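Visitor: A single structure is presented below for examination.
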Amino acid sequence: MSIIVLFWLFPDIGARGQFGDTFGAVNALFAGLAFAGIIFAIILQKKELELQRQELKETRDEIRGQKEQLQAQDQTLQKQNFESSFFHSRKIRAS
158 MSIIVLFWLF PDIGARGQFG DTFGAVNALF AGLAFAGIIF AIILQKKELE
208 LQRQELKETR DEIRGQKEQL QAQDQTLQKQ NFESSFFHSR KIRAS
């Protein structure tokens, strides 16, 4: 359909060539814009990966701190259990 319209609008072959050359330049423009878009997307992904790495590092540090607190709580609980058992056995012996 578009070929028929082009033949009707541009009966001269030279005019058709100029019309096609116009779209050739537009094609180069769009190719350049697409390439620039790809570069921009790569830069955005790089920044996002850097943010994710930083967040992962902070998460690891937080988990490490929680692990240390849990170990301290476990030691305190073991000490309390020992003391409770010790004083309970002394109370039984004293009775």
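For the sequence shown, the numbering used here assigns the number 252 to the last residue and increments by one with no breaks. C-beta atoms are modelled at their ideal positions from N, C-alpha and C, and glycine is treated no differently. In this text the structure is predicted, and so the values were computed from the model without any measurement.
Output the distance between the C-alpha atoms of Leu208 and Glu219, rounded to the nearest integer angstrom.
Guide: 17 Å
Visitor: Straight-line CA distance for Lys204 to Arg221?
Guide: For Lys204 and Arg221, the distance between alpha carbons rounds to 26 Å.
Visitor: In angstroms with no decimal places, state the Cα-to-Cα distance between Phe243 and Thr216.
Guide: 40 Å
Visitor: For a test of the three-state rule: what should DSSP assign to Asp231, helix, strand or coil?
Guide: Here Asp231 sits in helix by DSSP.
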